[in-house]
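Working notes, beginning with the structure itself.
Number of protein chains: 2
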Amino acid sequence: MFLAKVHVSLKPTVNDPQGLTIAHALGRLDFDSVDSVRAGKYFEVKIDSTDQSAAEADVKSMCEKLLANPVIETFTYELESI
Amino acid sequence: MFLAKVHVSLKPTVNDPQGLTIAHALGRLDFDSVDSVRAGKYFEVKIDSTDQSAAEADVKSMCEKLLANPVIETFTYELESI
Numbered sequence: 001m002f003l004a005k006v007h008v009s010l011k012p013t014v015n016d017p018q019g020l021t022i023a024h025a026l027g028r029l030d031f032d033s034v035d036s037v038r039a040g041k042y043f044e045v046k047i048d049s050t051d052q053s054a055a056e057a058d059v060k061s062m063c064e065k066l067l068a069n070p071v072i073e074t075f076t077y078e079l080e081s082i
Numbered sequence: 083m084f085l086a087k088v089h090v091s092l093k094p095t096v097n098d099p100q101g102l103t104i105a106h107a108l109g110r111l112d113f114d115s116v117d118s119v120r121a122g123k124y125f126e127v128k129i130d131s132t133d134q135s136a137a138e139a140d141v142k143s144m145c146e147k148l149l150a151n152p153v154i155e156t157f158t159y160e161l162e163s164i
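Chains A and B are the protein sequences, given in the same order.
Going by this note's numbering, the first residue of the first sequence is number 1, and it counts up by one from there.
Going by this note's numbering, the first residue of the second sequence is number 83, and it counts up by one from there.
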């Protein structure tokens, strides 16, 4: 069994209204040190497999097909055996 | 300047309808090795400060007050100097 930890973030050139909204909200809570906020998604995917390279290929394909929108998002992942 | 990488995840005992939906969708895309999916949030917060311990305290407080819902979510964060 493997655990894939997937991070999906907006590309740097893409506007992040959610991040902006959070940054403003933090400012209103007197967190004056906040410079900027980027919001993204985090997935933990358990993969029932014994073949690490097959699991790795699966995770990459899952990100490309479903977890991330390749037009506006980038993804990174780590795979660990559990 | 510091960069806080914040992970917000549902507590293990809390149902994760988003994760279930994603797991089913992955199954329909023939990713048969998927055992389960947990969906969460990921934030990158830039903090304009030179005091690491003050920045650390700020991040913890931001999570407790806004970024995470303490009733159903847990949070972890890493702080790095940039």
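Quick reminder that beta carbons are idealized off the backbone N, C-alpha and C, glycines included.
Rounded straight-line distance, which links the Cα of residue j to that of residue i
{"i": "Ile104 (chain B)", "j": "Ala55 (chain A)", "result": "17 angstroms"}
{"i": "Cys145 (chain B)", "j": "Val127 (chain B)", "result": "11 angstroms"}
{"i": "Thr158 (chain B)", "j": "Arg120 (chain B)", "result": "15 angstroms"}
{"i": "Lys11 (chain A)", "j": "Glu162 (chain B)", "result": "21 angstroms"}
{"i": "Thr95 (chain B)", "j": "Ala150 (chain B)", "result": "16 angstroms"}
{"i": "Gly109 (chain B)", "j": "Asp30 (chain A)", "result": "45 angstroms"}
{"i": "Lys41 (chain A)", "j": "Gly122 (chain B)", "result": "6 angstroms"}
{"i": "Ala107 (chain B)", "j": "Ser131 (chain B)", "result": "43 angstroms"}
{"i": "Pro17 (chain A)", "j": "Glu73 (chain A)", "result": "14 angstroms"}
{"i": "Asp51 (chain A)", "j": "Asp35 (chain A)", "result": "43 angstroms"}
{"i": "Lys87 (chain B)", "j": "Val141 (chain B)", "result": "9 angstroms"}
{"i": "Ser53 (chain A)", "j": "Val153 (chain B)", "result": "38 angstroms"}
{"i": "Phe2 (chain A)", "j": "Ser115 (chain B)", "result": "10 angstroms"}
{"i": "Ile129 (chain B)", "j": "Ser91 (chain B)", "result": "22 angstroms"}
{"i": "Ala57 (chain A)", "j": "Ile164 (chain B)", "result": "32 angstroms"}
{"i": "Leu166 (chain B)", "j": "Phe43 (chain A)", "result": "Outside the modelled stretch of chain B, which goes from 83 to 164, sits residue 166 (chain B), for which no answer is possible."}
{"i": "Val78 (chain A)", "j": "His7 (chain A)", "result": "The residue you asked about is not Val; residue 78 (chain A) is Glu in the sequence shown. Glu78 (chain A) and His7 (chain A): Cα-Cα distance of roughly 9 angstroms."}
{"i": "Ser143 (chain B)", "j": "Leu66 (chain A)", "result": "33 angstroms"}
{"i": "Asn97 (chain B)", "j": "Asn15 (chain A)", "result": "31 angstroms"}
DSSP bridge partner residues for residue i (one or two, in chain order)
{"i": "Arg28 (chain A)", "result": "Answer is none; Arg28 (chain A) lacks a bridge partner."}
{"i": "Thr156 (chain B)", "result": "B:Ser91"}
is_contact[residue i, chain A] using C-beta, thresh 9 angstroms
{"i": "Ser143 (chain B)", "result": "yes"}
Any chain B beta carbon closer than 9 angstroms to residue i
{"i": "Val8 (chain A)", "result": "yes"}
Interface residues of the stretch 23 to 48 of chain A facing chain B [CB-CB below 7 angstroms] = Ala25, Leu26, Leu29, Phe31, Ser33, Val34, Asp35, Ser36, Val37, Arg38, Ala39, Gly40, Lys41, Tyr42, Phe43, Glu44, Val45, Lys46, Ile47, Asp48
Listed in chain order, which residues of the stretch 146 to 162 of chain B have Cβ atoms closer than 9 angstroms to some Cβ of chain A? Lys147, Leu148, Leu149
Contiguous alpha helix (DSSP H) assignments of at least 4 residues, all confined to the stretch 99 to 149 of chain B: 99 to 110, 134 to 144
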